[in-house]
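Asks:
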Amino acid sequence: MMNRALASVRRQTSALPSRSISANIVPNLLYTTSKRVLEPVALGIPYVIESSPRGERVFDIFSRLLKERIVMLTGEVNDAVSAVVTAQFLFLEAENSEKPIHFYINSPGGSVTAGMMQYISSPVHTVCIGQACSMGSLLLTGGEPGQRACLGNSRLMIHQPSGGAAGQAADIAIHAQEILDTRERLNKLYVKHTGQSLESVEKAVDRDYFMTPEKAVKFGLVDKILEKRPLPPKSSS
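Anchor point for the sequence shown: position 221 equals 221 in UniProt numbering, and the numbering is continuous, going up by one each time.
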């Protein structure tokens, strides 16, 4: 009896991988990302303890950084990540719209619609701390002019958006045109932020175009290369 039950389970589970997902229920998303990689296993978030005359307070490390107007983007750009980053930006802008926000980026790229968030009035100082590829590079170059930087061993890459569609020929044509329109919009943003001509940008993004930090500065993607973090000023006491 037990053997029959196990056989039944085996048949049911072995049949699952052979089922294909209907193309009609897969959302038509535009992606601009470096080669997709598996995300690492989630790690525990460190906590920081601060002491004051009123006692001790515990912050998770990202909340503590937010207190210093530091926002981190690590990993793929998607709607969930975009919501968190946008909320932090809006909070910091409401707190002080003139004080800079420091935005640290280490991203392979991701969703186009989730990454085109250029709205707040606060100056945003962007820093690439690992890689800024695809949509990550647009977020990097969209920072405050003169305050866009990358570390000496960073990797940067720009390219055109990609996507897919399924269904009737007319529907596929509509989505193909949408990709072309999105590419044109992205190219104009790169022109605006880098100072390159539209022709130069179109040529650069035609395929994956990787840049060293030095090439990124020459292209106008960033303004400077950070070799060492400047030490904070010493107190007079």
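All residues carry an ideal CB built from backbone N, CA and C; glycine is no exception. Bear in mind the structure is a predicted one, so any value in this text is a computation, not a measurement.
#1: Which residue spans inside the region 74–107 form an unbroken alpha helix (DSSP H) run of at least 4?
#2: Where in the region 156–225 do unbroken runs of the beta strand (DSSP E), each at least 3 residues long, occur, reported from the N-terminal end onward?
#3: Could you give the distance in angstroms between the alpha-carbon of SER18 and the alpha-carbon of ALA165?
#4: So, is ARG229 buried or exposed, given that buried needs 16 or more other C-beta atoms within 10 angstroms?
#5: For GLU227 and GLY55, what's the separation of their Cα atoms in angstroms?
#6: Contact between the region 208–218 and the region 155–163: three or more CB pairs below 8 Å?
#7: Tell me the DSSP secondary structure of ARG64 in three-state form.
#8: If GLY152 sits next to PRO213, beta carbons under 8 Å apart, how far is it from one beta carbon to the other, in whole angstroms?
#9: Taking all protein chains shown into account, decide if ILE105 is buried (16 or more other Cβ within 10 angstroms of its Cβ) or exposed.
#10: Can you tell me where the beta strand (DSSP E) holding SER52 begins and where it ends?
#11: Give the C-beta separation of SER107 and ALA132 to the nearest angstrom, bearing in mind that I take them to be a contact with Cβ-Cβ under 8 Å.
#12: Check this for me: beta carbons of ARG69 and LEU90, under 8 Å apart or not?
#13: Does DSSP put GLY55 in a helix, a strand or coil?
#14: Under DSSP, the beta strand (DSSP E) around SER111 begins and ends at which residues?
#15: Decide if PRO27 is buried, meaning its Cβ has at least 16 other Cβ atoms within 10 Å, or exposed.
#16: Please report the distance separating the alpha-carbon of THR74 from that of PHE59.
Replies: The relevant details are as follows:
#1: 79–95
#2: 209–211
#3: Because the pLDDT at SER18 is just 34, under 50, the model does not fix this residue reliably, and the point stays unresolved.
#4: exposed
#5: 38 Å
#6: yes
#7: helix
#8: 6 Å
#9: buried
#10: 47–52
#11: 6 Å
#12: no
#13: strand
#14: 109–111
#15: Low confidence applies to PRO27: its pLDDT is 45, below 50, so where it sits in the model is not reliable, and the reading given next is rough at best. Exposed, by the Cβ-count rule.
#16: 19 Å
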